[in-house]
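Enquirer: Chains as they are written, first to last, in the numbering used here: chain U, 372 to 537; chain R, 815 to 1272.
Positions of the beta carbon are idealized from the N, C-alpha and C atoms, including for glycine.
#1: Hey, which unbroken runs of the beta strand (DSSP E) at 3 residues or more fall wholly within the stretch 1066-1116 of chain R?
#2: Please list the partners that residue 907 of chain R has in chain U, where partner means a Cβ-to-Cβ separation under 9 Å.
#3: Under 8 Å, Cβ to Cβ, is there at least one residue of chain R near residue 487 of chain U?
#4: Roughly how many angstroms lie between the CA atoms of residue 961 of chain R and residue 882 of chain R, to the nearest whole one?
#5: Counting C-beta neighbours from all protein chains within 10 Å, is the total for residue 983 of chain R 16 or more, i.e. buried, or is it exposed?
#6: In the stretch 879-902 of chain R, which residues sit with their C-beta less than 8 Å from some C-beta in chain U, listed in chain order?
#7: Is residue 517 of chain U helix, strand or coil by DSSP?
#8: For residue 1056 of chain R, which residues in the same chain have their Cβ closer than 7 Å to its Cβ, ignoring the five residues on either side in sequence?
#9: Specify, as a first and last residue, the run of the alpha helix (DSSP H) that residue 1177 of chain R falls within.
#10: Check this for me: beta carbons of residue 965 of chain R and residue 977 of chain R, under 8 Å apart or not?
#11: Mapping DSSP to helix, strand and coil, what is residue 945 of chain R?
#12: Against chain A, which members of the stretch 374-390 of chain U pass a CB distance test of less than 7 Å?
#13: In chain order, what residues of the same chain lie with their CB nearer than 7 Å to the CB of residue 1009 of chain R, ignoring the 5 residues before and after it?
#14: Would DSSP call residue 901 of chain R helix, strand or coil?
#15: Under 8 Å, CB to CB, which of the residues in the stretch 922-933 of chain R have a partner in chain U?
#16: Can a CB atom of chain R be found closer than 8 Å to the CB of residue 450 of chain U?
#17: Near residue 863 of chain R, what residues of its chain come up, given a Cβ to Cβ distance below 8 Å and the 5 sequence neighbours on each side ignored?
#18: If you follow the beta strand (DSSP E) that residue 922 of chain R is part of, which residue opens it and which one closes it?
#19: Under a Cβ-count criterion, where at least 16 other Cβ atoms within 10 Å of its own Cβ denotes burial, should residue 918 of chain R be classed as buried or exposed?
#20: Per DSSP, what kind of secondary structure is residue 1129 of chain R in: helix, strand or coil?
#21: Starting from residue 404 of chain U, follow its DSSP beta bridges and name the residues at the other end.
#22: Could you pull out every unbroken alpha helix (DSSP H) segment of at least 4 residues lying fully inside the stretch 468-515 of chain U, listed in chain order?
#23: Measure the alpha-carbon distance for residue 1100 of chain R versus residue 1049 of chain R and round it to whole angstroms.
#24: Quick one, are the C-beta atoms of residue 480 of chain U and residue 453 of chain U less than 8 Å apart?
#25: Does the separation of the CB atoms of residue 432 of chain U and residue 374 of chain U fall below 8 Å?
#26: By alpha-carbon positions, which one of R/989, R/1016, R/987, R/1025 ends up nearest to residue 997 of chain R?
#27: In chain R, what lies closer than 7 Å to residue 433 of chain U by C-beta?
#28: Mind checking residue 923 of chain R: buried by the 16 CB within 10 Å criterion, or exposed?
#29: Taking the alpha carbon of residue 524 of chain U as the reference point, which residue from U/382, U/451, U/513, U/377 has its own alpha carbon closest?
#30: Less than 8 Å separating the beta-carbons of residue 426 of chain U and residue 406 of chain U?
#31: Less than 8 Å between the beta carbons of residue 470 of chain U and residue 518 of chain U, yes or no?
#32: Do residue 510 of chain U and residue 465 of chain U have their beta-carbon atoms positioned less than 8 Å apart in this structure?
#33: Assuming residue 325 of chain U contacts residue 409 of chain U (C-beta within less than 8 Å), just tell me the rounded distance between them.
#34: Hey, out of U/384, U/420, U/499, U/402, whose CA is closest to residue 888 of chain R's CA?
#35: Indicate the three-state DSSP secondary structure (helix, strand or coil) for residue 466 of chain U in the structure shown.
#36: Just the Cα atoms here: how many angstroms apart are residue 943 of chain R and residue 474 of chain U?
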């Protein structure tokens, strides 16, 4: 209920205006939204590319509540699950913190770094600036191994946020 | 027609326990178009009598679900729920949130959601009164009737005034003790919670729902108009007939004898061919003239009647004035006599004439009284003016005498000074006791000579 109301407000605002380089693709219901982002400056790594983001919202967005279903404990699910999606004309951007399966290592999207005042628009802008500021045309360390072995949901992964340079 | 005896409600009816969900969920309810006929101006036309005010029901509102008028200032919006703040609180780090939002957020992490500084529920206090006032004055739409009110007034509006809000059924006071709720605009018609048959589809349902049923959900709600064939609501049939283009209507000159009848949309074709197109307007004007003349005649007859009565009165008055005054006063004794002699219509008119004569005498008396009063005042004035003159004369004489006495006193004091000037003792002013005691002979002599001095001075 809470998540629906809040997302309804966000959607109304997104339909009204969005910052440059961010466009709404679909927002069917209040579980999953797709947005496209572009890097606006002349960064050669991302020049003329559009990337697709998938937002998955929990019932308790933007505040996490621990749900207990038949002894199955779900983690606190406060932040939305945000990943890049690979389609024919929408590649996964090359970035030392973005794995080739689209999973993003960003403290903002983790349980610890999330704050309920963040919203879809602010996440998109954070990712935009993360790409804009990047100079290394490479995947994270151990990308192939992570992609091959990871079965966890992105928010359950305990990233070690060590690199503040990019 | 409602039945004269009310049937007891079947508790298994789906509507018999509708109070609870209605109260809890009122704000979330959306009633599209339900109040399009209501404007804010007639919201308060519904006068509440003391008996209906006891039927009010509290309507708790979810302030996050209502629609606000225009854009709300960003500074009054909670950064967590993105709604205008509800019960705002201020954190130690000077950020404002809804109380429930920050409580939820702190139950998750003990950090301020905005600046991530450590924060727990003790560091959260009530926001300044000004913030509360600003939020309370935000205009929001009533979830029922969609007219706008200050946010803080909405609950009061729903509880006491909103015509679309629920009130307890007036039947709660009757012997049936009806526990239903009903919209306020329907509450003036007594308890409507008894089953009746829909006149269209023969379905049995509560009278309170009949209006909505016949306009909305009834299977037989539509019928083709027998004249124009358009589908119309059965309950609005008579309204439609007033404007149906295919209904047969007589020519507008029917009262002057035109026999023509045609469909409403074709009537204008007939107006040019109508035999009465010249006679009709003329007859109309004549009719108007006649009615004016009639009313004129009526008013003239009335004045005529009045004047006749006056004439009769004057005649009787003349005759009565020949008699001595004493006889006039014996009004009742005079009645049979005058009734025989005078051609008065009835004793009633005689009494009227008598009243008029009494009135004229009264006015005469009052005139005389005024005359007398005037004379009296004149006499009084004539008497008092000489007295006043004398009084003022006396006053001036007294003043002159006073002046003389003062002059003489000064004169004597100067004399005293001259006499005892060298000797030690009291100063030039001297003590009044000593002076008067020792100077008694001088003062007497001086007063003897005073008239002469005055004469020389004057």
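Expert: In terms of the structure at hand:
#1: Every beta strand (DSSP E) stretch that sits fully inside the stretch 1066-1116 of chain R and reaches 3 residues is listed by chain position as 1075-1077.
#2: To locate residue 907 of chain R, count along the second chain from 1; it is residue 93. The CB of residue 907 of chain R never comes closer than 9 Å to any CB in chain U; the least such distance is about 13 Å.
#3: Position 116 of the first chain holds residue 487 of chain U. It does: the Cβ of residue 487 of chain U has a partner Cβ on chain R nearer than 8 Å.
#4: Against the second chain, residue 961 of chain R aligns to sequence position 147. Against the second chain, residue 882 of chain R aligns to sequence position 68. Rounded to the nearest angstrom, the two C-alpha atoms are 11 Å apart.
#5: Start at 1 with the first residue of the second chain, and residue 983 of chain R comes out as number 169. Around the Cβ of residue 983 of chain R, a 10 Å sphere holds 16 or more other Cβ atoms; the residue is buried.
#6: Here the close residues are 879, 893, 894, 895, 896, 897.
#7: As a position in the first chain, residue 517 of chain U is number 146, starting the count at 1. In the structure shown, residue 517 of chain U sits in a helix (DSSP, three-state: H, G or I).
#8: Residue 1056 of chain R sits at position 242 when you count from the first residue of the second chain. Closer than 7 Å at Cβ, skipping near neighbours: no residue.
#9: Taking the first residue of the second chain as position 1, residue 1177 of chain R is located at position 363. Start and end: 1161-1234.
#10: As a first step, residue 965 of chain R is located in the second chain; it is residue number 151 there, counting from the start. As a first step, residue 977 of chain R is located in the second chain; it is residue number 163 there, counting from the start. No, these two residues do not count as a Cβ contact at 8 Å.
#11: Walking along the second chain from the start, residue 945 of chain R turns up at place 131. Three-state DSSP puts residue 945 of chain R in a helix.
#12: In summary, chain A is missing from the structure at hand, where the protein chains are U and R.
#13: By one-based count along the second chain, residue 1009 of chain R stands at place 195. Non-local beta-carbon contacts of residue 1009 of chain R in its own chain, meaning distances under 7 Å to residues more than five positions away in sequence, involve 821, 1018, 1019, 1020 in chain order.
#14: Translated into positions along the second chain, residue 901 of chain R becomes position 87. Note: residue 901 of chain R maps to coil in three-state DSSP.
#15: Interface annotation for the stretch 922-933 of chain R against chain U: 922, 923, 925, 927, 928, 930, criterion Cβ-Cβ distance under 8 Å.
#16: Taking the first residue of the first chain as position 1, residue 450 of chain U is located at position 79. Not closer than 8 Å to any Cβ of chain R, the Cβ of residue 450 of chain U fails to qualify, so no.
#17: In the second chain, residue 863 of chain R corresponds to position 49, counting from 1. Residue confidence is low: residue 863 of chain R scores 46 on pLDDT, short of 50, so the model does not pin down where it sits. No coordinate-derived value is stated.
#18: As a working mapping, residue 922 of chain R is identified with position 108 in the second chain. It is not in any beta strand (DSSP E) - residue 922 of chain R instead sits in the alpha helix (DSSP H) that spans 913-922.
#19: Within the second chain, numbered from 1, the residue matching residue 918 of chain R stands at position 104. In the assembly as shown, residue 918 of chain R is a buried residue. Its beta-carbon has 16 or more other beta-carbons within 10 Å.
#20: As a first step, residue 1129 of chain R is located in the second chain; it is residue number 315 there, counting from the start. Helix at residue 1129 of chain R.
#21: For the purposes of this step, residue 404 of chain U is taken as residue 33 along the first chain, with counting starting at 1. According to DSSP, residue 404 of chain U bridges with U/398, U/426.
#22: Listed in chain order, the complete alpha helix (DSSP H) runs (minimum 4 residues) inside the stretch 468-515 of chain U are 491-503.
#23: One-based indexing of the second chain puts residue 1100 of chain R at position 286. One-based indexing of the second chain puts residue 1049 of chain R at position 235. Those two C-alpha atoms are separated by around 41 Å.
#24: For the purposes of this step, residue 480 of chain U is identified with residue 109 of the first chain, where counting begins at 1. For the purposes of this step, residue 453 of chain U is identified with residue 82 of the first chain, where counting begins at 1. In this structure, residue 453 of chain U lies closer than 8 Å to residue 480 of chain U by Cβ.
#25: The sequence position of residue 432 of chain U within the first chain is 61, counting from 1. The sequence position of residue 374 of chain U within the first chain is 3, counting from 1. For residue 432 of chain U and residue 374 of chain U, yes; Cβs fall inside 8 Å.
#26: Within the second chain, residue 997 of chain R is the residue found at index 183, counting from 1. Nearest neighbour of residue 997 of chain R by Cα position, chosen from R/989, R/1016, R/987, R/1025, turns out to be R/1025.
#27: The residue you call residue 433 of chain U lines up with position 62 of the first chain. Under the 7 Å cutoff, chain R gives 894.
#28: Counting from 1 along the second chain, the entry for residue 923 of chain R is found at position 109. Flag for residue 923 of chain R reads buried.
#29: On the first chain, position 153 is the one that residue 524 of chain U refers to. Residue nearest to residue 524 of chain U within the set U/382, U/451, U/513, U/377 is U/451 (criterion: CA-CA distance).
#30: Locating residue 426 of chain U in the first chain gives position 55, where the first residue counts as 1. Locating residue 406 of chain U in the first chain gives position 35, where the first residue counts as 1. With respect to the 8 Å criterion, residue 426 of chain U and residue 406 of chain U are classified as neighbours on the basis of their beta carbons.
#31: The residue you call residue 470 of chain U lines up with position 99 of the first chain. The residue you call residue 518 of chain U lines up with position 147 of the first chain. Closer than 8 Å, so yes.
#32: Here residue 465 of chain U refers to the residue found at position 94 when the first chain is read from its first residue. Here residue 510 of chain U refers to the residue found at position 139 when the first chain is read from its first residue. Contact: yes.
#33: Missing from the structure shown is residue 325 of chain U; chain U here goes from 372 to 537 and no further.
#34: For the purposes of this step, residue 888 of chain R is taken as residue 74 along the second chain, with counting starting at 1. Of the candidates U/384, U/420, U/499, U/402, the residue whose Cα lies closest to the Cα of residue 888 of chain R is U/384.
#35: Taking the first residue of the first chain as 1, we reach residue 466 of chain U at position 95. Note: residue 466 of chain U maps to strand in three-state DSSP.
#36: On the second chain, residue 943 of chain R is found 129 positions in, with the first residue counted as 1. On the first chain, residue 474 of chain U is found 103 positions in, with the first residue counted as 1. Their Cα atoms are separated by approximately 46 Å.
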